[in-house]
Structure formats: structure tokens, C-alpha cells
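Residue numbers (our numbering): 1 to 179.
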Amino acid sequence: MLLSEKEAKAVCEKLLGYVKADDAMVRVGSEEYSHLRFAANAITTSGRREETDVGVTVWIDKKRGAASTNEIDDTNLRAVVQQAEALARVSPVDREYLPTLGAQQYRPTAGYVAATTNIPTAQRAKSVGDIIALCERSKVIGAGFHQARGTAGASATKNGNFNFERASNVSLSVTARTP
Numbered sequence: 001m002l003l004s005e006k007e008a009k010a011v012c013e014k015l016l017g018y019v020k021a022d023d024a025m026v027r028v029g030s031e032e033y034s035h036l037r038f039a040a041n042a043i044t045t046s047g048r049r050e051e052t053d054v055g056v057t058v059w060i061d062k063k064r065g066a067a068s069t070n071e072i073d074d075t076n077l078r079a080v081v082q083q084a085e086a087l088a089r090v091s092p093v094d095r096e097y098l099p100t101l102g103a104q105q106y107r108p109t110a111g112y113v114a115a116t117t118n119i120p121t122a123q124r125a126k127s128v129g130d131i132i133a134l135c136e137r138s139k140v141i142g143a144g145f146h147q148a149r150g151t152a153g154a155s156a157t158k159n160g161n162f163n164f165e166r167a168s169n170v171s172l173s174v175t176a177r178t179p
């Protein structure tokens with residue numbers, strides 16, 4: 001399930017609440033991905049995955065530490081912040097360090113369409129079935145890959161910046177050859 005802006009902001013705020021470092025940037029992302037592969041005029045594989053991940057980058061005395069996890073329960077969020085802070089303490093000074101951004105205004109984007117991310121398996125199979133039927137009628141061997149992806153991502157800084165965006169995309173590739 002893709003995180004909503006409210007859910008993503010809550011995770012970011014929770015992460016920043018655990019930070020004791022001088023400066024920090026946190027991110028949270030979620031993804032829904034599905035695919036269908038076909039070869040030799042037959043469907044061969046179909047799959048789906050959902051994942052969520054978080055990352056924390058902190059600076060202590062201008063020394064940088066970063067850690068990430070794919071678990072978003074309180075215990076793991078606290079642990080990933082502690083891990084980033086421990087790494088910062090033993091790291092060299094980051095000569096390129098600049099303070100993280102403060103609050104910014106971001107224009108909304110229209111890069112997400114739920115119907116793109118949530119193409120039903122039956123609809124995808126029918127579309128690929130139509131391609132396979134056309135290949136068979138044309139006496140060629142078809143192969144291809146159909147995929148759909150939806151992502152949601154947010155980042156926040158200790159200095160008050162927050163942004164959130166969702167995006168979706170779909171693609172279909174087909175190769176046909178003579179027998």
C-alpha cells in the first residue's frame with residue numbers, strides 16, 4: 001500500500017523526534033510494483049511486490065552518518081536513528097556539509113494516477129492475450145514485458161522542510177520475430 005501524505009509525514013516526524021544530532025534529513029518511501037512477462041506467445045511470469053523504506057542522514061559536529069531500514073515500527077525507527085548517529089560520531093568531518101533546508105513551498109505535481117498503479121491482473125492478462133493472439137495470427141513469435149509502478153515519497157529536515165510526492169508509470173514492451 002502506498003503511503004498517504006499524512007502517513008509519510010507522521011513517519012518523518014517520528015524519525016526527527018528521535019534525532020539528537022545537530023542536523024538531520026529523513027526520507028520515507030513506498031512502492032507498489034507489478035509485472036507480467038510473456039515469451040514464445042505465452043504468459044510466463046506475473047508478480048507483485050509492495051515495499052516501504054526509510055533513511056536517516058544526520059550530522060554531529062559536521063560529521064555525517066546515514067542508515068536505512070525497511071521496517072517502520074517505533075523500535076526500528078528509533079534504532080535506525082541511533083545507528084546513523086553512532087556512525088556520525090566515528091566519521092570524519094564532512095567538508096561539503098551545508099545545513100539542511102528550512103521550510104519551502106512546493107508546487108503540487110500531477111504525476112500520479114491510481115488506475116495506472118492498480119491495473120488489475122485480469123486486465124493486464126487480457127491485454128497481453130490480445131498481443132499474443134495478434135502475434136499468432138501474424139505467424140510471429142512474440143515476447144514482452146508489462147509493468148506498472150506507483151511510488152510515494154517524502155523527506156523532511158530538522159530545520160523544518162517537508163515535501164511529499166506520488167508518481168505512477170506503466171510500460172509495455174513487445175518484440176516479435178519470425179519462427
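The beta-carbon is built from N, C-alpha and C at its ideal position, and this holds for glycine as well.
Looking at leucine 36 and the ligand SAM, is the gap between the Cβ and the nearest heavy atom below 7 Å? Ligands are entirely absent from the displayed structure, and the ligand SAM is therefore not among its contents.
Return the first residue and the last residue of the beta strand (DSSP E) that glutamine 189 is part of. Past the boundaries of the shown model lies residue 189; the chain is included only from 1 to 179, so the question cannot be answered.
Pairing CB atoms from the segment 89 to 105 with CB atoms from the segment 72 to 80, are three or more of them under 8 Å? With the cut-off at 8 Å, the segment 89 to 105 and the segment 72 to 80 do not touch.
Using only the alpha-carbon positions, how far apart do glutamate 31 and threonine 52 sit? C-alpha separation (whole angstroms): 6 Å.
Return the chain-ordered ranges of every alpha helix (DSSP H) run that is complete within the segment 84 to 142 and spans a minimum of 4 residues. DSSP runs (the alpha helix (DSSP H)) wholly in the segment 84 to 142: 114 to 117, 121 to 137.
Kindly indicate the opening and closing residues of the beta strand (DSSP E) around glycine 55. Boundaries of the beta strand (DSSP E) harbouring glycine 55: 42 to 60, taken from the DSSP string.
Compare the C-alpha of threonine 57 against each of Lys20, Ser34, Phe145, Gln147 and name the closest. Residue Lys20 is the option with its Cα nearest to threonine 57.
In whole angstroms, give me the CA-to-CA distance for serine 173 and alanine 114. For serine 173 and alanine 114, the distance between alpha carbons rounds to 21 Å.
I need the boundaries of the beta strand (DSSP E) containing leucine 172, first residue and last residue. 162 to 177 is the extent of the beta strand (DSSP E) around leucine 172.
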